[in-house]
Amino acid sequence: MSFDYDLFVIGGGSGGVRAARISAGYGAKVALAEESRMGGTCVIRGCVPKKLMIFAASTPEMIDEAHGYGWPDAMAGAFSWPAFKASLDAELDRLEAAYTRGFENAGGTIYHQRARVVGPHEVELADGSRISAKHILVAVGGRPQRPGIEGDELGMISDDLFLMEKLPRRVLVVGGGFIACEFATILNGLGVETVLAYRGDKLLRGFDRDGRELVTGQMRGIGVDLRLNLSPVRLERDADMLRISYDDGSEDRYDAVMFATGRRPNTAGLGLEEAGVALGPAGEVVVDEWSQTNIPSIYAVGDVTDRVNLTPVAIREGHSFADTIFGDTPRYLDHSLVASAVYTRPHELASIGMTEDEAIARGGVEVYDTRFRPMRSAFAGSEMRVMMKLLVDIDTRRVLGCQIFGPEAGEMIQLAAIPITMGATKEDFDRTVAVHPTIAEELVTMRQPARRHDRPA
Ligand code: NDP
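This note's numbering applies: residue 37 is where the sequence shown begins, and numbers increase by one.
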């Protein structure tokens, strides 16, 4: 049977583009459909613009620090959102063009419209045309979900933040995960009066217990008005503001509200169920370790599969798919050890592997734990402390986890992730000579465990 294409990819984000480009490089005839902008969530409305906003938001604390370093007159002046946004828009245009070019130069074809699956080997485009392909790869990502309360359509989601024409004066961020913490930090740094309401008692559920405590404290320290154990129940317009009613009976008014209450796989209206593709309870595409669905010709990678929802994971899944199907090199991604970082400010929280809660539950773990004031900010008078932890298996001596709260913790965890992925032992860390003076050197100079969690009897 002959097909129009060897591979049809739905979704031009990180995972889809990587799979499409590598497959085309192997000689496959590949097409890709994207209804929005090439680059997807990470490039257009996620990691990339977010990180640039973090850089913008960290300027005031750099100025503060400069005062301690003999620049008494240093001052930031006013932040101009329009000036920043113009540069941001230009950068996103550049990246979008690079994504498009990279795939087209590899010989791929892009359909700038929505596609849906109509059969094991067939998709239908928004213009009604049908295209056949030997393999279909679903890489449509996820989308932010609102909490389902009265009037929640009046609030923004993270996508909207990058499109704002002007900054709000006072904003409410709802949620306590990655996006809520990062955006509360950003908006605060840009001079917006920021309130963060979270239904739990400590931010960043699932992260290391001490890291969560430290992020919560830092959030307050930088001036975010943190309201824990509190959930909005209703939003209403109130002149040019929004009135929010909370579950404790209180009310407050904001210029804008942003919901960061999680994301859902983007499978609605994609024709997958009708085509017989199994979906999970959150609408995620169910796949095996090869990213293959129950329909053998249909695969899925990235957030739409709701495995580990991070860009580099989607990229690796997409690349592995291409290697396996078109590159004659079967491989799949081991999701068990993936590093990540939450870009709060001034200290980030970065993590790989075991947290202390997991160590307590499992037992047989030594915890090496250090806290210190880093040279640079301490000199400028800051009381901020870094936390570094290594979680070590008592029997095998393998380092099972690393948790870092500190400046550029994301950069540090990336490097620590290499030996930890290789299976390094604590003794491998110990025989590594430090680079002095750095923050990261503490990772190789912790000699005595701070505590030990024994196996349950
Ligand atoms: P998260 O799953 O990280 O956090 C969602 C937050 O919303 C949690 O605090 C959750 O509370 C809360 N929540 C969920 N439902 C409701 C509700 N109905 N009412 C009130 N609160 C609610 O999702 P995010 O949206 O922050 O981010 C989505 C994903 O994107 C992340 O999981 C991550 O994979 C990825 N991401 C990664 C980044 C990075 O690598 N730096 C940056 C941004 C996003 P509770 O904890 O109590 O359930």
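C-beta: ideal position from N, C-alpha, C; glycine also. No experiment lies behind these values; they were computed from the predicted model shown.
Check whether phenylalanine 295 and isoleucine 172 have beta carbons under 8 Å apart:
As a working mapping, residue 295 is identified with position 259 in the sequence shown. As a working mapping, residue 172 is identified with position 136 in the sequence shown. Not in contact: phenylalanine 295 and isoleucine 172 (Cβ atoms no closer than 8 Å).
For the segment 348 to 407, list the alpha helix (DSSP H) runs that are entirely contained and at least 4 residues long, ordered along the chain.
392 to 398
Distance cut-off 7 Å: threonine 365 Cβ against heavy atoms of the ligand NDP:
Position 329 of the sequence shown, counting from 1, holds the residue named residue 365. Not under cutoff, so the answer is no.
Taking the alpha carbon of lysine 170 as the reference point, which residue from Ser59, Asp195 and Arg289 has its own alpha carbon closest?
Working through the sequence shown from its first residue, we reach residue 170 at position 134. Nearest of Ser59, Asp195 and Arg289 to lysine 170, Cα basis: Ser59.
In its own chain, which residues sit with a C-beta less than 6 Å from the C-beta of arginine 263, not counting the 5 before and 5 after it?
Translated into the one-based positions of the sequence shown, residue 263 becomes position 227. Excluding positions up to five away in sequence, the list reads Ala233.
Between the segment 296 to 306 and the segment 339 to 358, do at least 3 Cβ pairs fall closer than 8 Å?
yes
Comparing alpha-carbon positions, which option in Ala416, Ile185, Arg300 and Gly363 lies nearest alanine 318?
Stepping through the sequence shown from its first residue, residue 318 is reached at position 282. Nearest option by C-alpha distance: Arg300.
Three or more C-beta pairs below 8 Å linking the segment 144 to 161 and the segment 270 to 279
no
Select from Ala386, Gln149 and Glu353 the residue whose C-alpha is nearest the C-alpha of histidine 371.
Mapped onto the sequence shown, residue 371 falls at position 335. It is Glu353.
Among Gly312, Thr252, Leu373 and His472, nearest to isoleucine 454 - alpha-carbon criterion
Start at 1 with the first residue of the sequence shown, and residue 454 comes out as number 418. Of the candidates Gly312, Thr252, Leu373 and His472, the one whose C-alpha sits nearest the C-alpha of isoleucine 454 is Leu373.
Under 8 Å Cβ to Cβ from alanine 311, same chain only, skipping five residues before and after it: list those, please.
For the purposes of this step, residue 311 is identified with residue 275 of the sequence shown, where counting begins at 1. Hits under 8 Å: Val153, Val154, Gly155, Pro156, Ile331 and Ile334.
Cβ-based neighbour list, tyrosine 368, same chain, cut-off 6 Å, excluding 5 preceding and 5 following:
For the purposes of this step, residue 368 is identified with residue 332 of the sequence shown, where counting begins at 1. Glu325, Trp326 and Ser356.
When you compare only the Cα positions, how much space is there between arginine 409 and phenylalanine 415?
The count along the sequence shown starts at 1 and reaches residue 409 at position 373. The count along the sequence shown starts at 1 and reaches residue 415 at position 379. Each residue's Cα considered, the two are about 9 Å apart.
Less than 8 Å between the beta carbons of glycine 82 and alanine 142, yes or no?
Counting from 1 along the sequence shown, the entry for residue 82 is found at position 46. Counting from 1 along the sequence shown, the entry for residue 142 is found at position 106. No, the Cβ-Cβ distance between glycine 82 and alanine 142 is not below 8 Å.
DSSP three-state assignment for serine 50, whether helix, strand or coil
On the sequence shown, position 14 is the one that residue 50 refers to. Helix, per DSSP.
For valine 153, decide whether its Cβ has a neighbour in chain D, counting only Cβ atoms nearer than 8 Å.
The structure shown has no chain D; it contains just one protein chain.
beta-carbon leucine 131 near the ligand NDP non-hydrogen atom, thresh 7 Å
In the sequence shown, the residue the question calls residue 131 occupies position 95. Flag unset: Cβ of leucine 131 not near the ligand NDP.
Given a cut-off of 8 Å, decide if tyrosine 282 and valine 207 are closer than it, judged by their beta-carbon atoms.
Indexing the sequence shown from 1 puts residue 207 at position 171. Indexing the sequence shown from 1 puts residue 282 at position 246. Going by C-beta atoms, valine 207 is not nearer than 8 Å to tyrosine 282.
Alpha carbon of isoleucine 475 to alpha carbon of proline 108, nearest angstrom
Counted from its first residue, the sequence shown places residue 475 at position 439. Counted from its first residue, the sequence shown places residue 108 at position 72. Computed Cα separation, rounded: 26 Å.
Distance check for valine 469 and alanine 119, CA to CA, integer angstroms please.
Translated into the one-based positions of the sequence shown, residue 119 becomes position 83. Translated into the one-based positions of the sequence shown, residue 469 becomes position 433. Using only the alpha carbons, I get a separation of about 45 Å.
Are the beta-carbon atoms of leucine 385 and alanine 445 separated by less than 8 Å?
Stepping through the sequence shown from its first residue, residue 385 is reached at position 349. Stepping through the sequence shown from its first residue, residue 445 is reached at position 409. Yes.
Rounded to whole angstroms, what's the CA-CA distance from valine 401 to glycine 437? Just pull it up for me.
On the sequence shown, residue 401 is found 365 positions in, with the first residue counted as 1. On the sequence shown, residue 437 is found 401 positions in, with the first residue counted as 1. Cα to Cα, valine 401 sits roughly 10 Å from glycine 437.
Beta carbon of glycine 225 nearer than 8 Å to that of arginine 412:
Here residue 225 corresponds to residue number 189 of the sequence shown, with the count starting at 1. Here residue 412 corresponds to residue number 376 of the sequence shown, with the count starting at 1. Not a contact, by the Cβ cut-off of 8 Å.
Between glycine 259 and the rest of its own chain, which residues show a CB-CB distance below 7 Å, the 5 nearest in sequence each way excluded?
Within the sequence shown, the letter at position 223 stands for residue 259. If we look at glycine 259 and ignore the five residues flanking it on each side, its Cβ neighbours are Asn224.
Host alpha helix (DSSP H) of valine 422 (start-end):
To locate residue 422, count along the sequence shown from 1; it is residue 386. Taken as a continuous stretch (DSSP letters only), valine 422 belongs to no alpha helix (DSSP H), being part of the beta strand (DSSP E) at 422 to 429.
DSSP three-state call for glycine 178: helix, strand or coil?
What you label residue 178 is simply residue 142 of the sequence shown in a count that begins at 1. In this structure, glycine 178 counts as strand in the three-state DSSP scheme.
Would DSSP call threonine 457 helix, strand or coil?
Locating residue 457 in the sequence shown gives position 421, where the first residue counts as 1. Reduced to three states, the DSSP call for threonine 457 is helix.
Is it true that the CB of leucine 88 sits closer than 8 Å to the CB of leucine 131?
In the sequence shown, residue 131 corresponds to position 95, counting from 1. In the sequence shown, residue 88 corresponds to position 52, counting from 1. Not closer than 8 Å, so no.
Leaving out five residues before and five after valine 428 in sequence, what residues of the same chain have Cβ atoms less than 6 Å from its Cβ?
Residue numbering aside, residue 428 sits at position 392 when the sequence shown is read from its first letter. Glu402, Val435 and Lys462.
Tell whether a beta-carbon distance below 8 Å holds between glycine 187 and leucine 271.
Here residue 187 refers to the residue found at position 151 of the sequence shown. Here residue 271 refers to the residue found at position 235 of the sequence shown. It is a contact, given that the beta carbons lie within the stated cut-off.
Taking Cβ positions, are asparagine 302 and glycine 177 nearer each other than 8 Å?
Within the sequence shown, residue 302 is the residue found at index 266, counting from 1. Within the sequence shown, residue 177 is the residue found at index 141, counting from 1. Closer than 8 Å, so yes.
CA-CA distance, methionine 390 and histidine 383?
Here residue 390 refers to the residue found at position 354 of the sequence shown. Here residue 383 refers to the residue found at position 347 of the sequence shown. Taking the straight line joining both Cα atoms gives about 20 Å.
Measure the Cβ-Cβ separation of arginine 245 and phenylalanine 139 and say whether it is below 8 Å.
Position 209 of the sequence shown, counting from 1, holds the residue named residue 245. Position 103 of the sequence shown, counting from 1, holds the residue named residue 139. Not closer than 8 Å, so no.
Contact under 8 Å by Cβ, phenylalanine 243 with serine 387:
Working through the sequence shown from its first residue, we reach residue 243 at position 207. Working through the sequence shown from its first residue, we reach residue 387 at position 351. Their beta carbons are under 8 Å apart, which means phenylalanine 243 touches serine 387 by this criterion.
Quickly, what does DSSP pair valine 231 with across the bridge? List them, please.
As a first step, residue 231 is located in the sequence shown; it is residue number 195 there, counting from the start. DSSP lists Leu208 and Asp261 as partners of valine 231.
Let's test the definition: count the other Cβ atoms within 10 Å of the Cβ of lysine 202 and tell me whether it reaches 16, buried, or not, exposed.
Indexing the sequence shown from 1 puts residue 202 at position 166. Counting Cβ neighbours within 10 Å, lysine 202 comes out exposed, since fewer than 16 surround it.
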